[in-house]
Amino acid sequence: MITYPVDIAILAAYFALIFALLACIAPSLAQKSSTRSSSLFLAFAAISLLATWTYMFKYFHHSYSEWRAIATAIPETLLDSISHWLHNVSLFDDAWRTVSVGAIQWLWSHQLCAFTVSVWTPFLALEAQRRNIPFPWAYMLLGQVVAISFAACLFFAVMAAQPLRAAGNIQFNAPITAFCSAIGIATVLISPYVATSSAFMPNLLAMHAVLIVPLVLPERFLHPYTSRQPLALAAIYLFAAGANFANYLQQVIAVLATSESKNLIQLMFNVLYSHPAQSSIGWDIICVSLFGATWMIADSRSLDRPKSAAHLGISQKIAYVLFICTPFLSISTTLPLYLAWREIM
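Residues in the sequence shown are numbered consecutively from 1305, following our numbering.
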């Protein structure tokens, strides 16, 4: 007999949601043309899944072991024991508080949050329209429940094989997207200040919820992608780059100001393996940084958009410079800079 079947059902529903989201995007992956870029990003997706979920399962084991150590009574069956564990802990809340409390912890985690709310959201909203990729919201949800880097690599793989649509068929809502991105950035800025309070979870849920809005807008809220829209989108990306860099710099200064050691790289990697939840989100940002920067180079060499040879050469140089700068400036800064140039061009 299971004492808390609802808690077991919630965990089962979590994994069922993952498979349902994969089922939504599987046709796009199955119908793709065989290209070197798409195959590369599928391989990157597998690497990301392994890197992040190795530590996610370690986090589950760590949490379960901690619960067993303090439990007054352990049920006889493993399944019932798991139900008691799930009933008495809050995996989502505990994991996010772990990666949000502490200057070095947040230096890792805020990069992924900033990237997702201000860069990944507008990117998904527009690129899905440009290439007629269905269910863009599925990639966002998959990133939230599995790993952003995993979902990003799957989307990059689909993008690499899907041709561009005619500009007249593209619809987008820049004001709503900009508003949602701004709200998302605000939730990221607030997070470290509420990480130990009751306001933490509402703020975190708002951060996750606002990301979906631009991806599920009814058609009546979408507008034709006119010649003025690229400038609006470039402005969104430039605002994101500026806000994210300012926040990143603030976090770096906070770490150096509160730590005896001034070796930032050593401090960050010491914290990376301090807790399985921190390792999971840390490897997510490492993967999204590396694979996102790689996508910039791949995209800059793409010939699927009309451009002059001079523009192509400049794009490649910009992509390589930003690739090199990514470890120092964060992917939440370098990718929107590249995307802004891409729109203006």
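Idealized CB from N, CA, C, for every residue including glycine.
Cβ separation of residue i and residue j, assumed to be a contact under 8 Å, to the nearest whole Å
{"i": "Ala1429", "j": "Thr1481", "result": "6 Å"}
{"i": "Leu1383", "j": "Ile1306", "result": "6 Å"}
{"i": "Gln1415", "j": "Ser1584", "result": "The Cβ separation is near 14 Å, so there is no contact."}
{"i": "Ala1544", "j": "Pro1640", "result": "4 Å"}
{"i": "Phe1595", "j": "Ser1352", "result": "7 Å"}
Beta-carbon contacts of residue i that lie in its chain and below 6 Å, excluding the five residues immediately before and after
{"i": "Ala1349", "result": "Phe1454, Cys1457, Leu1458"}
{"i": "Cys1629", "result": "Thr1638"}
{"i": "Thr1491", "result": "Asn1507, Ala1510, Met1511"}
Spatial neighbours of residue i in its chain, beta-carbon cut-off 8 Å, leaving aside the 5 residues before and after
{"i": "Leu1519", "result": "Thr1425, Leu1428, Ala1429, Ala1432, Pro1440, Trp1441, Met1444"}
{"i": "Thr1402", "result": "Gln1409, His1579, Ala1581, Gln1582"}
{"i": "Leu1515", "result": "Thr1420, Val1421, Trp1424, Thr1425, Met1444, Gln1448, Cys1484, Gly1488"}
{"i": "Leu1333", "result": "Leu1346, Leu1458, Ala1461, Val1462"}
{"i": "Ser1367", "result": "Trp1389, Val1393, Leu1395, Asp1398"}
Other residues of its chain near residue i: CB distance less than 7 Å, five sequence neighbours each side excluded
{"i": "Lys1566", "result": "Leu1560"}
{"i": "Tyr1642", "result": "Met1600, Ile1622, Ala1623, Leu1626"}
{"i": "Trp1400", "result": "Leu1508"}
{"i": "Leu1325", "result": "Ala1442, Leu1445, Leu1446"}
{"i": "Gln1533", "result": "Phe1476, Ala1478"}
{"i": "Pro1496", "result": "Ser1404, Trp1410"}
Rounded separation between residue i and residue j - CA only
{"i": "Ser1485", "j": "Ala1451", "result": "20 Å"}
{"i": "His1579", "j": "Trp1357", "result": "14 Å"}
{"i": "Ile1386", "j": "Trp1587", "result": "27 Å"}
{"i": "Ile1489", "j": "Gly1546", "result": "11 Å"}
{"i": "Ala1470", "j": "Ile1437", "result": "14 Å"}
{"i": "Val1405", "j": "Phe1549", "result": "20 Å"}
{"i": "Ala1602", "j": "Ser1341", "result": "7 Å"}
{"i": "Pro1379", "j": "Arg1372", "result": "10 Å"}
{"i": "Ala1513", "j": "Leu1537", "result": "21 Å"}
{"i": "Ala1330", "j": "Leu1354", "result": "19 Å"}
{"i": "Ala1316", "j": "His1388", "result": "15 Å"}
{"i": "Leu1276", "j": "Ile1557", "result": "Only positions 1305 to 1649 of the chain appear in this structure, which leaves residue 1276 out of reach."}
Residue i - containing alpha helix (DSSP H), residue span
{"i": "Ile1589", "result": "1580-1604"}
{"i": "Phe1573", "result": "1568-1576"}
{"i": "Gly1406", "result": "It is not in any alpha helix (DSSP H) - Gly1406 carries neither H nor E in the DSSP assignment."}
{"i": "Asn1551", "result": "1533-1562"}
{"i": "Gln1335", "result": "Note, Gln1335: premise wrong, no alpha helix (DSSP H); not H, not E."}
{"i": "Met1505", "result": "1504-1514"}
{"i": "Tyr1497", "result": "1478-1498"}
{"i": "Phe1459", "result": "1452-1465"}
{"i": "Asn1473", "result": "It is not in any alpha helix (DSSP H) - Asn1473 carries neither H nor E in the DSSP assignment."}
Indicate whether the contact test is met: 3 or more Cβ pairs, each with one atom in the region 1545-1555 and one in the region 1500-1512, closer than 8 Å.
-> no
* Do the region 1458-1467 and the region 1523-1534 make contact, defined as three or more Cβ pairs closer than 8 Å? -> no
message: Check whether the region 1586-1593 and the region 1362-1374 touch, using three or more Cβ-Cβ pairs below 8 Å as the test.
response: no
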